[in-house]
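Residue numbers (the numbering used here): 11 to 474. Note that CB positions come from ideal geometry on N, CA and C, so glycine has one too. Here is the structure we will look at.
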Ligand code: SF4
């Protein structure tokens, strides 16, 4: 999970990209970066940590130019090494080039080993660099053709922004795993992982970049094409609606807030219970708890308050101080919980360890019964398309039954939203195949274990 933002044709490109990344901070807190182009050279700033921590006014003042791309990183492929911060920026035989990537390529290790065997030297551990190496080896004449040549060889998830001397190019993979939207700010054209960032910078949402589409912005205007073989079946990530995206965004044509409320309503129908109050685990459970309360008739309450000021670098001082990390983030409201039978709404249940700590907090604050309701099916499989889910062995939903999981997390009862209702919550009729839900179903849109023949480009010949 990462966030990308870009803008072309605005004198404050760096400042707007900073603001765009700020509003995408929920998609990655490990590192942030901005690359601008001022007509003669690229300027790059990449920082570890939050956007607000990493960038100051002097940093932004150095980022000159009327076009920029930016990236917030959540460690998936490549691990948490500072060298993996994006945008990746290179000088190659066609000039300067920067790229920002949201998603994960399949078979990245094999690509890397294949390219290294041909002499390629990698600067990072990121799969994104594979795309740059393939572009560098392409014999195509134009940037668009080199992008097409490179991406035509790889599989997996990519929403990408490229910036060179002349152009900003936005590309989304043919299945559309990760979101990418386009907007306007006066004469400037902007791209973002989520349209909620357009509200902050004052841009108007225009449309989504379609799966398989390439949008090029240059001094001649905006040009769209579909250079990749279209996939009949889309694979838009349903987990974006469940957890990742902000509720004030619309993703894949659906309001995230509305889909979460609907999930809560369907959950109330699927797993009703007698209780005194419905509380969310904030923030991602709030909209669904509103839906559950509305459909069940049980009053909504804020039984947990989230602290938004816990730094990402916090280190739990000792395993003996149990629940310390959770207590820093979530604080129970005794007034809401004491002596009450509580329905707790969470977006998903991955390992179960955090849920167990939260149940302990609620009981300590006086809850007499806890009925845990999860707005998605059990997470049973790992994601290979850009979301940092644990291995199958660590997924509690892959190993235990709901009754066993309820016992582990110490809830009185546990209910998951069914797979069909999950798709109904995003208004996707069963069988329409617009969404990927592989981490819940094991039905991967592209087999991550397949071993396709990699079409490595030939080694370029020396120039005489
Ligand atoms: S496997 Fe899950 S998290 Fe990954 S793209 Fe599919 S739905 Fe999203």
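Euclidean distance between Cα positions of residue 414 and residue 39: 33 Å
The stretch 220 to 240 touching the stretch 251 to 259, judged by at least three CB pairs closer than 8 Å: no
Heavy atom of the ligand SF4 within 7 Å of residue 266 beta-carbon: no
Span of the beta strand (DSSP E) around residue 351: 351 to 356
Residue environment, residue 186, which counts as buried when at least 16 other CB atoms sit within 10 Å: buried
Reduced DSSP category for residue 340 - H, G, I as helix; E, B as strand; rest coil: strand
Residue 426 beta carbon near the ligand SF4 (any heavy atom closer than 7 Å): no
Where the alpha helix (DSSP H) containing residue 302 begins and where it ends: 296 to 306
Proximity below 8 Å, CB of residue 403 to CB of residue 376: no
Bridge partners - residue 43, DSSP secondary structure assignment: 56 and 81
Separation of residue 260 from residue 247, as counted between CA atoms: Going by the C-alpha atoms only, they are around 13 Å apart.
Extent of the continuous beta strand (DSSP E) to which residue 192 belongs: 191 to 195
Beta carbon proximity, residue 256 to chain C, threshold 8 Å: In summary, chain C is missing from the structure at hand, where a single protein chain is found.
Contact between the stretch 43 to 56 and the stretch 95 to 104 (3+ Cβ pairs under 8 Å): yes
First through last residue of the alpha helix (DSSP H) which encompasses residue 108: Unbroken run through residue 108 is the beta strand (DSSP E), 105 to 112; no alpha helix (DSSP H).
Three-state class that DSSP yields for residue 434 in the structure shown: helix
Separation of residue 337 from residue 327, as counted between CA atoms: Per-residue confidence for residue 327 stands at a pLDDT of 46, beneath the threshold of 50, marking its modelled position as unreliable; the derived number appears in the next sentence. Residue 327 and residue 337 have their C-alpha atoms some 13 Å from each other.
Identity of the residue in 93, 132, 277 and 405 nearest residue 118 by Cα: Ranking the options by Cα distance to residue 118, first place goes to 132.
Exposure of residue 303, with buried meaning 16 or more beta-carbon neighbours within 10 Å: buried
heavy atom of the ligand SF4 below 7 Å from residue 248 C-beta: For the ligand SF4, at least one heavy atom lies less than 7 Å from the Cβ of residue 248.
Contact check, residue 203 vs residue 83, beta carbons under 8 Å: no
Same chain, Cβ closer than 6 Å to residue 468, neighbours up to 5 away in sequence not counted: none
Check: residue 449 C-beta below 7 Å from any heavy atom of the ligand SF4: Yes.
DSSP-derived helix/strand/coil call for residue 285: In the three-state scheme derived from DSSP, where H, G and I count as helix and E and B as strand, residue 285 is classed as coil.
Cβ shell of residue 22 (< 8 Å), same chain only, five flanking positions each side left out: none
Delimiting residues of the beta strand (DSSP E) encompassing residue 11: Unbroken run through residue 11: none, as it is neither H nor E.
Range of the contiguous alpha helix (DSSP H) that encloses residue 234: Note, residue 234: premise wrong, no alpha helix (DSSP H); beta strand (DSSP E) at 231 to 235.
Local conformation of residue 459 per DSSP, three classes: coil
CA nearest to the CA of residue 140, picked from 153, 152, 149 and 114: 114
Element boundaries [beta strand (DSSP E), containing residue 218]: 214 to 218
Check: residue 385 C-beta below 7 Å from any heavy atom of the ligand SF4: no
Any non-hydrogen atom of the ligand SF4 closer than 7 Å to residue 406 Cβ: If you check the C-beta of residue 406 against the ligand SF4, you find no heavy atom less than 7 Å away.
Euclidean distance between Cα positions of residue 212 and residue 195: Going from the Cα of residue 212 to the Cα of residue 195 covers about 7 Å.
Rounded straight-line distance, which links the Cα of residue 444 to that of residue 243: 6 Å
Residues bridged to residue 386 [DSSP beta-bridge criterion]: BP columns for residue 386 are empty, so no partner.
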